[in-house]
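Below: the structure, in structure tokens.
Number of protein chains: 2
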Amino acid sequence: MSALLIREASESDVLLILEFIRKIAEYERLSHAVVASEETLRKSLFGDRPAAEVLLAHWDGKPAGYAVFFHNFSTFLGRAGIYLEDIFVEPELRGKGIGKALLARVAKIAKDRECGRLEWSVLDWNKPSIDFYLSLGAKPMDEWTIFRMTEDAIAKLAS
Amino acid sequence: MSALLIREASESDVLLILEFIRKIAEYERLSHAVVASEETLRKSLFGDRPAAEVLLAHWDGKPAGYAVFFHNFSTFLGRAGIYLEDIFVEPELRGKGIGKALLARVAKIAKDRECGRLEWSVLDWNKPSIDFYLSLGAKPMDEWTIFRMTEDAIAKLAS
Numbered sequence: 287m288s289a290l291l292i293r294e295a296s297e298s299d300v301l302l303i304l305e306f307i308r309k310i311a312e313y314e315r316l317s318h319a320v321v322a323s324e325e326t327l328r329k330s331l332f333g334d335r336p337a338a339e340v341l342l343a344h345w346d347g348k349p350a351g352y353a354v355f356f357h358n359f360s361t362f363l364g365r366a367g368i369y370l371e372d373i374f375v376e377p378e379l380r381g382k383g384i385g386k387a388l389l390a391r392v393a394k395i396a397k398d399r400e401c402g403r404l405e406w407s408v409l410d411w412n413k414p415s416i417d418f419y420l421s422l423g424a425k426p427m428d429e430w431t432i433f434r435m436t437e438d439a440i441a442k443l444a445s
Numbered sequence: 287m288s289a290l291l292i293r294e295a296s297e298s299d300v301l302l303i304l305e306f307i308r309k310i311a312e313y314e315r316l317s318h319a320v321v322a323s324e325e326t327l328r329k330s331l332f333g334d335r336p337a338a339e340v341l342l343a344h345w346d347g348k349p350a351g352y353a354v355f356f357h358n359f360s361t362f363l364g365r366a367g368i369y370l371e372d373i374f375v376e377p378e379l380r381g382k383g384i385g386k387a388l389l390a391r392v393a394k395i396a397k398d399r400e401c402g403r404l405e406w407s408v409l410d411w412n413k414p415s416i417d418f419y420l421s422l423g424a425k426p427m428d429e430w431t432i433f434r435m436t437e438d439a440i441a442k443l444a445s
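Here it is, written out as structure tokens:
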């Protein structure tokens, strides 16, 4: 019998988390954008003020996937929500409900913490994921576009 | 001589913050979505664990605009960024550089805190804002779509 285990990550999982980050980046064709290291992740995720939380899924004792999330805030609701930064399942372990179980765990955390929303972003060509999210009752916010400033623009505007 | 002052909001500014939230919602044609109250804002912004930070702009001593932001996290960068939830300037005070000054203050905070990114979302029809953001070197992440689950879908998935 196959067994799925989902647990909170700890500092000893940093290398595994970095491997998952590199795998999701590869899937998203964004490997060139990964500059995270074990050191930066240890500091940002397991230091004095953790910037995000990580869940790990294991299938038959083998690392199977992960989810990374942090709290955001809605002024319209006047309360916090959860933003899901990453969710990933190993390609050879898909179709077993691992991704849904990870997302359900994040939803449970959102409910327990009285969050009004659970949000994340998806690449427009990622149809398998989009279909999956729609099936769970998530709605695409098609009328919104994310804008991003990277360090150069930040430094220029800040000065 | 006109004077612009930008300062951090404190608990005594809750009503003013709520008024700005209602004004930005009206501008975004989303007034129906505002359920925040003075009580929820006091608790979420000025309680034990503030969910976001607020900057207030005053022009000649009069409330002129605000910005609300919180920290997000990039797994690819392995470090925190800043997400700008709201930025708003009173319509009759636009064109004086108040919005740019607010955004520059947020950029300064991002730089001081060694954030790798500054991000926010814009409604696709809001061309004046989009042109303004592009002029500052921000890039639209056109290939991404935000998905959102509200409380009903969260509760269903969590159970």
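Residue numbers (the working numbering), protein chains in the order written: chain A, 287 to 445; chain B, 287 to 445.
Glycine residues also receive a C-beta, built at the ideal position from the N, C-alpha and C atoms.
Keep in mind the model is a prediction, meaning the values are calculated, not measured.
For R308 of chain B, the enclosing alpha helix (DSSP H) stretches over residues 300 to 313. Here A343 of chain A is actually not in contact with I303 of chain A; their C-beta atoms are around 12 Å apart, not less than 8 Å. At a cut-off of 7 Å between beta carbons, K309 of chain A makes no contact with chain B. Unbroken beta strand (DSSP E) runs of no fewer than 3 residues, entirely contained in the segment 355 to 429 of chain A, are found at 365 to 375, 403 to 409, following chain order. For E371 of chain B, the chain A residues whose C-beta falls within less than 8 Å of its own C-beta are N358, F359, S360, T361, listed in chain order.
Of all alpha-carbon atoms in B:S421, B:E429, B:N412, B:A444, the one lying nearest the alpha-carbon of N412 of chain A is that of B:E429. Residue state for A338 of chain B is assigned as coil, using DSSP reduced to three classes. E294 of chain A: member of the beta strand (DSSP E) spanning 290 to 294, first to last residue. In summary, the residues of the segment 409 to 421 of chain A whose CB is separated from some CB of chain B by less than 7 Å are L409, D410, Y419, in the order they occur in the chain. Measuring C-alpha to C-alpha distances from E314 of chain B to each of B:I373, B:L341, B:P426 identifies B:I373 as the nearest. Chain B places no beta carbon closer than 7 Å to that of A350 of chain A, leaving this residue out of the contacts. At a Cβ-Cβ threshold of 7 Å, E339 of chain B and F355 of chain B count as neighbours. Around the Cβ of L389 of chain B, a 10 Å sphere holds 16 or more other Cβ atoms; the residue is buried. Look at R328 of chain A: its C-beta is not under 7 Å from any C-beta on chain B.
In the three-state scheme derived from DSSP, where H, G and I count as helix and E and B as strand, A441 of chain A is classed as helix.
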